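Engineer: This is the structure, below, for whatever I ask next.
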């Protein structure tokens, strides 16, 4: 488990070269620093050597001489302020107070003054550009920002290059992040994380901010942080700076923001930003000053009391004082991402009354958080798995840890034991009994589907037996929740035509060339006991979108059952237009927009038909098949 003390150690690796030891003060200046500095060679680029790094011998301006075998400290002249030279401004107002016109220092700062300096102060002192430590060759381009390219399963990098940026902005900004479909969530996450060029009319930074914000709303805190970190901090805009604080708060990583603060800390003046600056100051070694500043914020009521107390507790782990901070939740009436992230970071579990109605997003974050207990992660895992945040393999791994932990008892231990039986019991009937016991322990539609995700691979290991045909439909649904369509299709000879198991296989079978029999569809419709015969409506919409029933049958079913598959809205015109242009990224974004909601009762057959049809048109047929089958299984 990550602890504040481990965070304190890790934070020093992120700070500037001026981080000070906490013992007796010693000079941080290398030998010769306070000797007269020779004028820089006209052919050599001045470089500032970090004091904490062993200096290497400086090559000659021509680069022709070999380096000496003995390392000796070399200090070159401090460069003048780049912006002043570039603009031709030589006035004293454009230079740091301690620097002269030629870039040398008027006065050498004392050790105490250096200890109090922030990275921004030090950069100002030396007239440095924020990116002075990153050579141009190491800086990343702002084109095709993302985590996965086309060869790694992402979408084509140029997919959006001809798209109207206003449509993309609308599709991403209007999505609240909660989707009815697990497979829709997985597809949208992949589309957001792909390495893509920004569409016309959007800057790379705005496009990045839209994607990262939506990932946060989806509960994908890890993916949001990884995507944000694909851009150099020197390229951040004010919008990205504000977003970065939310990203690191959701990850309970309040020292992760410190490199951003070092470059852009002076650009914002708001309570959370200033408190985060004080936390970073504490982890740079300025614990006493940071503690005093946080106490002033608390007394002034800059933020709610609970938020400042949590910040003080987090920052206090960096210093020697170890000041005791008591956290009391009695007067707290709501949970926020900021206090939730801080509570996790300092090892506190928020009260259940605050988490009860806090929203699914907190469960998604909890399921992924390494700092929280296994029991808390397991309690949040059902929601995360049903939504698509956790994979089936991740669920099995989590329950494996529960099984191996002797301190875990009660229901979680029993469920972990059942999952083990589902895999290793000698008799197939015993394995099926364990699987069904896990299904039966679910309470509500979300847990029911989450347990199918949990048992997907165990279901795939079962032999196909006629005596198990009564369980065929839920076993097939479990396998399809993890994308195991080849394993599910082994049951094709066991299920009867017109049953739910048959319907799921009719939707997921790849490369099907023949049309599905209208008689079999009618049999399914006649036996449908779902609310408002929603399963039948979704089956027809899915088959129509996949091109597995003829156009005349589509018209007949749409008319007789009032499905309105052919009727248009602005959204259907937009997604079908993107599909005609072969724009897979926009189709995925619009599909996510059309799948918003908390249950499949909020999905319409018309929207499902258009989503499946558009995905199939742009080469995402596998995702289209899985979404169509999920709709029938969960209706």
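Numbering (mature numbering (1 follows the signal peptide of the UniProt record, and there is no 0)), first residue to last: -21 to -1, 1 to 614. Glycine residues also receive a C-beta, built at the ideal position from the N, C-alpha and C atoms. None of the values given here were measured: they were computed from a predicted structure.
(1) Between the Cα of residue 217 and the Cα atoms of 232, 240, 148, 205, which residue gives the shortest distance?
(2) Do you know how far the Cα of residue 564 is from the Cα of residue 601?
(3) Which whole-angstrom value is the C-beta distance of residue 198 and residue 339, which I expect to be below 8 Å?
(4) Excluding the five sequence neighbours on either side, which residues of its own chain have a C-beta within less than 7 Å of the C-beta of residue 405, listed in chain order?
(5) Can you list, in chain order, the residues of its chain whose CB lies under 6 Å from that of residue 164, leaving out five sequence neighbours each side?
(6) In whole angstroms, what separates the C-alpha of residue 352 from that of residue 379?
(7) Of all the options 265, 261, 275, which has the alpha carbon lying nearest to the alpha carbon of residue 250?
(8) Using the three-state DSSP reduction, which class does residue 158 fall into: helix, strand or coil?
(9) On the three-pair Cβ rule with 8 Å, is the region 553 to 568 touching the region 591 to 605?
(10) Within its chain, find whatever has a CB closer than 8 Å to the CB of residue 409; leave out the 5 residues flanking it on each side and keep chain order.
(11) Could you tell me whether the region 168 to 178 touches the region 580 to 588, where touching means 3 or more Cβ pairs closer than 8 Å?
(12) Check the C-beta distance from residue 459 over to residue 433 and give it rounded, since I have them as a contact under 8 Å.
(13) For residue 278, is the classification buried or exposed, using 16 other Cβ atoms within 10 angstroms of its Cβ as the cut-off for buried?
(14) Tell me, please, whether the region 145 to 155 touches the region 186 to 193 by the rule of three or more beta-carbon pairs shorter than 8 Å.
(15) Helix, strand or coil, according to DSSP, for residue 525 in the structure here?
(16) For residue 374, which residues in the same chain have their Cβ closer than 7 Å to its Cβ, ignoring the five residues on either side in sequence?
(17) For residue 475, which residues from the same chain have a beta carbon less than 7 Å from its beta carbon, with the 5 sequence-adjacent residues on both sides left out?
(18) Is the Cβ-Cβ distance between residue 200 and residue 220 less than 9 Å?
(19) Just checking, does the region 485 to 496 make contact with the region 517 to 525 on the three C-beta pairs under 8 Å criterion?
(20) Roughly how many whole angstroms lie between the Cα atoms of residue 304 and residue 284?
(21) Rounded to whole angstroms, how far is the Cβ of residue 261 from the Cβ of residue 226, which I believe are closer than 8 Å?
(22) Do residue 505 and residue 514 have their CB atoms nearer than 9 Å?
(23) Excluding the five sequence neighbours on either side, which residues of its own chain have a C-beta within less than 8 Å of the C-beta of residue 126, listed in chain order?
(24) Does the distance from the CB of residue 141 to the CB of residue 560 come in under 9 Å?
(25) In whole angstroms, what is the alpha-carbon distance linking residue 535 and residue 469?
(26) Within a Cβ cutoff of 6 Å, which residues of the same chain sit near residue 235, ignoring the five residues on either side of it in sequence?
(27) Measure the alpha-carbon distance for residue 503 versus residue 119 and round it to whole angstroms.
(28) Taking the DSSP output, what are the residues bridged to residue 179?
(29) Quick one, which of 350, 187, 254, 312 has its alpha-carbon nearest residue 326's?
(30) Taking a contact to mean a Cβ-Cβ separation below 9 Å, would you say residue 297 touches residue 320 in this structure?
(31) Can you list, in chain order, the residues of its chain whose CB lies under 7 Å from that of residue 439, leaving out five sequence neighbours each side?
(32) Quick one: using the 10 Å Cβ neighbour count with 16 as the cut-off for buried, is residue 498 buried or exposed?
(33) Report the option in 293, 332, 328 whose CA atom is closest to the CA atom of residue 312.
(34) Is the distance from the Cβ of residue 124 to the Cβ of residue 187 below 9 Å?
(35) According to DSSP, residue 124 sits in a beta bridge with which residue or residues?
(36) Terminal residues of the continuous alpha helix (DSSP H) containing residue 600?
Structural biologist: Considering the structure as presented:
(1) Position 238 of the chain shown, counted from the start, is the residue given in the question as residue 217. Checked all of 232, 240, 148, 205; the closest Cα to residue 217 is 240.
(2) Taking the chain shown and counting its residues from 1, the one referred to as residue 601 is at position 622. Taking the chain shown and counting its residues from 1, the one referred to as residue 564 is at position 585. So the two alpha carbons sit approximately 15 Å from each other.
(3) In the chain shown, residue 198 corresponds to position 219, counting from 1. In the chain shown, residue 339 corresponds to position 360, counting from 1. Between residue 339 and residue 198 the Cβ distance is about 7 Å, and since that is below 8 Å, they are a contact.
(4) Residue mapping note: residue 405 aligns to position 426 of the chain shown, counting from 1. So no residue of the chain qualifies.
(5) As a first step, residue 164 must be located in the chain shown, where it is residue number 185. The residues are 158, 366, 367.
(6) Here residue 352 refers to the residue found at position 373 when the chain shown is read from its first residue. Here residue 379 refers to the residue found at position 400 when the chain shown is read from its first residue. Between residue 352 and residue 379, the C-alpha separation is close to 14 Å.
(7) The count along the chain shown starts at 1 and reaches residue 250 at position 271. Closest option to residue 250, Cα to Cα, is 275.
(8) Mapped onto the chain shown, residue 158 falls at position 179. Residue state, collapsed to three classes: strand.
(9) yes
(10) As a first step, residue 409 is located in the chain shown; it is residue number 430 there, counting from the start. These residues qualify, in order along the chain: 400.
(11) no
(12) To locate residue 459, count along the chain shown from 1; it is residue 480. To locate residue 433, count along the chain shown from 1; it is residue 454. Not a contact, Cβ separation roughly 14 Å.
(13) As a position in the chain shown, residue 278 is number 299, starting the count at 1. Burial call: exposed.
(14) yes
(15) One-based indexing of the chain shown puts residue 525 at position 546. Correct three-state label for residue 525: coil.
(16) Here residue 374 refers to the residue found at position 395 of the chain shown. Only 360, 364, 432, 433 meet the Cβ criterion.
(17) By one-based count along the chain shown, residue 475 stands at place 496. Closer than 7 Å at Cβ, skipping near neighbours: 481.
(18) As a position in the chain shown, residue 200 is number 221, starting the count at 1. As a position in the chain shown, residue 220 is number 241, starting the count at 1. Taking 9 Å as the Cβ cut-off, residue 200 and residue 220 do not qualify as a contacting pair.
(19) yes
(20) The residue labelled residue 304 in the question sits at position 325 within the chain shown. The residue labelled residue 284 in the question sits at position 305 within the chain shown. Between residue 304 and residue 284, the C-alpha separation is close to 12 Å.
(21) Residue numbering aside, residue 261 sits at position 282 when the chain shown is read from its first letter. Residue numbering aside, residue 226 sits at position 247 when the chain shown is read from its first letter. The pair is not a contact, with the Cβ atoms about 20 Å apart (cut-off 8 Å).
(22) Start at 1 with the first residue of the chain shown, and residue 505 comes out as number 526. Start at 1 with the first residue of the chain shown, and residue 514 comes out as number 535. No, Cβ-Cβ distance for residue 505 and residue 514 is not below 9 Å.
(23) Along the chain shown, read from residue 1 onward, the residue named residue 126 stands at position 147. Excluding residues within five positions, the ones whose Cβ falls inside 8 Å are 133, 172, 173, 174, 202, 205, 206, 209.
(24) In the chain shown, the residue the question calls residue 141 occupies position 162. In the chain shown, the residue the question calls residue 560 occupies position 581. Closer than 9 Å, so yes.
(25) As a working mapping, residue 535 is identified with position 556 in the chain shown. As a working mapping, residue 469 is identified with position 490 in the chain shown. Their backbone Cα atoms lie some 32 Å apart in a straight line.
(26) Residue 235 sits at position 256 when you count from the first residue of the chain shown. Correct list, in chain order: 227.
(27) In the chain shown, the residue the question calls residue 503 occupies position 524. In the chain shown, the residue the question calls residue 119 occupies position 140. Residue 503 and residue 119: Cα-Cα distance of roughly 55 Å.
(28) On the chain shown, position 200 is the one that residue 179 refers to. According to DSSP, which records beta bridges pairwise, residue 179 is partnered with 143.
(29) Working through the chain shown from its first residue, we reach residue 326 at position 347. Here the closest residue by C-alpha is 350.
(30) Here residue 297 refers to the residue found at position 318 when the chain shown is read from its first residue. Here residue 320 refers to the residue found at position 341 when the chain shown is read from its first residue. The answer is no: Cβ separation not under 9 Å.
(31) To locate residue 439, count along the chain shown from 1; it is residue 460. Same-chain partners within the cutoff: 458, 463, 466.
(32) The residue you call residue 498 lines up with position 519 of the chain shown. The residue is exposed, with fewer than 16 neighbouring Cβ atoms inside 10 Å.
(33) Along the chain shown, read from residue 1 onward, the residue named residue 312 stands at position 333. Answer by Cα proximity: 332.
(34) Taking the chain shown and counting its residues from 1, one reaches residue 124 at position 145. Taking the chain shown and counting its residues from 1, one reaches residue 187 at position 208. Yes.
(35) As a first step, residue 124 must be located in the chain shown, where it is residue number 145. Residue 124 pairs with 175.
(36) The count along the chain shown starts at 1 and reaches residue 600 at position 621. Start and end: 600 to 613.
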